[in-house]
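Residue numbers (the numbering used here): 717 to 792.
Built from N, CA and C at the ideal position, the CB exists for glycine as well.
The next block holds one structure in the form of structure tokens; read it before the comments.
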């Protein structure tokens with residue numbers, strides 16, 4: 717599966733996620749992953765993006781997202 721990141725720069729996105737405090741919603745995460753909110757929700761529901769639900773709302777842990785992205789980086 718291919719995940720596109722803004723500008724193709726994994727490290728910039730990962731660094732942004734690592735400095736983020738608190739939980740994130742799809743409105744914040746979708747632009748970082750270069751996808752729209754609906755696609756992000758579908759991928760989360762399918763178990764392809766780390767997430768969890770709080771009182772029916774989908775939330776994302778920025779540290780978990782950063783680790784998830786690091787695992788999926790293409791290494792030269």
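query: Which residue wins for smallest C-alpha separation from residue 772, given the options 761, 778 and 781?; result: 761
query: My output table needs one value for residue 788: the three-state DSSP class, helix, strand or coil.; result: coil
query: If you draw a straight line from the alpha carbon of residue 732 to that of residue 767, how long is it in whole angstroms?; result: 17 Å
query: For residue 755, report the span of its alpha helix (DSSP H) as first-last.; result: 753-761
query: How would you call residue 779, buried or exposed, if buried means at least 16 neighbouring beta carbons within 10 angstroms?; result: exposed
query: Just to confirm my understanding: we take residue 730, look at its own chain, exclude 5 residues before and 5 after, and list those with CB closer than 8 Å. What are they?; result: 782, 785 and 786
query: Would you report the Cα separation of residue 736 and residue 758, rounded to the nearest angstrom?; result: 23 Å
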